[in-house]
Amino acid sequence: MLQEDYSKKINELLSDVEHHQMNVIRQVSKRIADSIQKDGLVHLFGCGHSHMLVEEVFFRAGGLVPVNPMFETSTMLHEGAVKSSQIEKMQGYAEHILKNYRVKEGEVIIIISTSGINSLPIEMAMEAKEKGLTVVALTSTSYRDKESRHPSDKKLEDVADYVIDNMIPYGDALVEIGEDGTKMGPGSTVIGAYVMNSMMMQVVKELKDRNIDPPVFVSGNVEGGMEYNHAHIEKYKNRIKHL
343 MLQEDYSKKI NELLSDVEHH QMNVIRQVSK RIADSIQKDG LVHLFGCGHS
393 HMLVEEVFFR AGGLVPVNPM FETSTMLHEG AVKSSQIEKM QGYAEHILKN
443 YRVKEGEVII IISTSGINSL PIEMAMEAKE KGLTVVALTS TSYRDKESRH
493 PSDKKLEDVA DYVIDNMIPY GDALVEIGED GTKMGPGSTV IGAYVMNSMM
543 MQVVKELKDR NIDPPVFVSG NVEGGMEYNH AHIEKYKNRI KHL
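For the sequence shown, this note's numbering gives the first residue as 343, with consecutive numbering after it.
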């Protein structure tokens, strides 16, 4: 059955990430913990479907509080899917997005782009590095031999300080349907959510190992949840634009 094929492919990818990417995930988590220990934020950016992984760990039950998502609506599908794809390939846009957010030297930004070949995420990485941020790429190295759409010929992984490979095959879709080569069942969202949540959990563990109690949201739908979260919101609302 197709669902069984999809489940098998997803589980194989999860296993691959667990066996081959956990070392770099731990390294990144320590770097994020270093920043949060100094009252820093972790910044997140992604275009198109990748922005869902930014939302996944923001203001989330069981989620780390000092997470600053960079939501640029023109790069999201609800304002026009074709337009968002075109903007991701534009040059010179990242600088204007970054100006809308408070970032400081020594903080970490995670930039999510499975292909890693489009101009906007590449330039976001470049702009962030100029401001002294540590750049983490969540991308797929299956695009390594593909042509960059940025005039520097660099891909996202070439600019980043740390590269987490989501292990997604070229084209993203995992399951072949019929005999005409049609593929469906993308893997990047499922694997990306696993990576992002695993990383944030590791950050919290790292801080707890340092005898630091990091702020974590609880569900607003459990008794006392909204009241518990309110103190965290008050602390960070002037630093995290979308709180």
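For each residue, glycine too, the CB sits at the ideal point set by N, CA and C.
The structure displayed is predicted, hence computed values, not measured ones.
Own chain residues within Cβ distance below 6 Å of residue i, not counting five before or after
{"i": "Pro556", "result": "Val546 and Leu549"}
{"i": "Lys380", "result": "none"}
{"i": "Lys525", "result": "Ala515 and Glu518"}
{"i": "Leu355", "result": "Met509, Gly529 and Ile533"}
{"i": "Lys579", "result": "Leu585"}
{"i": "Gln433", "result": "Ser461"}
{"i": "Phe387", "result": "Met412, Ile453 and Met466"}
{"i": "Tyr348", "result": "Val517 and Gly527"}
{"i": "Lys351", "result": "Leu516"}
Boundaries (first-last residue) of the beta strand (DSSP E) holding residue i
{"i": "Pro411", "result": "Val409 to Pro411"}
{"i": "Leu480", "result": "Thr476 to Thr481"}
{"i": "Val450", "result": "Val450 to Ile454"}
{"i": "Leu585", "result": "Note, Leu585: premise wrong, no beta strand (DSSP E); not H, not E."}
{"i": "Leu386", "result": "Val384 to Gly388"}
Beta-carbon proximity check, residue i vs residue j, cutoff 8 Å
{"i": "Val558", "j": "Gly405", "result": "yes"}
{"i": "Gly534", "j": "Asn553", "result": "no"}
{"i": "Leu395", "j": "Met538", "result": "yes"}
{"i": "Leu440", "j": "Ala403", "result": "no"}
{"i": "Glu437", "j": "Lys473", "result": "no"}
{"i": "Val409", "j": "Val399", "result": "yes"}
{"i": "Arg581", "j": "Arg491", "result": "no"}
Sequence-distant residues of the same chain with beta carbon closer than 7 Å to residue i, five excluded per side
{"i": "Ala371", "result": "The amino acid occupying residue 371 in the given sequence is Ser; Ala does not appear at that position. Same-chain partners within the cutoff: Met541, Gln544, Val545 and Glu548."}
{"i": "Thr476", "result": "Arg373, Val450 and Asp503"}
{"i": "Leu498", "result": "Ile453, Ser455, Gly458, Pro463, Ile464, Ala467, Ala479 and Thr481"}
{"i": "Pro511", "result": "Ser484"}
{"i": "Val560", "result": "Ala403, Gly567, Tyr570 and Asn571"}
Test: residue i CB closer than 8 Å to a CB of chain C
{"i": "Gly404", "result": "No chain C is present in this structure, which holds just one protein chain."}
First and last residue of the uninterrupted alpha helix (DSSP H) at residue i
{"i": "Leu344", "result": "Leu344 to His362"}
{"i": "Val396", "result": "His393 to Glu398"}
{"i": "Pro463", "result": "Ser461 to Glu472"}
{"i": "Leu440", "result": "Ala436 to Leu440"}
Residues near residue i in its chain [Cβ-Cβ closer than 8 Å; skip 5 each side]
{"i": "Ile531", "result": "Strictly speaking, residue 531 in this sequence is Thr, with Ile absent from that position. Excluding positions up to five away in sequence, the list reads His391, Met394 and Leu395."}
{"i": "Ile367", "result": "Ile506, Val537, Ser540, Met541 and Gln544"}
{"i": "Thr415", "result": "Glu421"}
{"i": "His574", "result": "Val407, Pro557 and Phe559"}
Any non-hydrogen atom of the ligand ADP closer than 7 Å to residue i Cβ
{"i": "Met543", "result": "With respect to the ligand ADP, the structure shown offers nothing to examine, as it has no ligands at all."}
task = Could you tell me whether the region 475-492 touches the region 454-461, using the rule of 3 or more Cβ pairs below 8 Å?
result = As far as the Cβ criterion goes, the region 475-492 touches the region 454-461, which means the pair count is three or higher.
task = Identify every run of the alpha helix (DSSP H) within the region 502-567, keeping only runs that are complete inside it and at least 4 residues long; order them along the chain.
result = For the region 502-567, the continuous alpha helix (DSSP H) assignments of 4+ residues that do not extend past its boundaries occur at 530-551, in sequence order.
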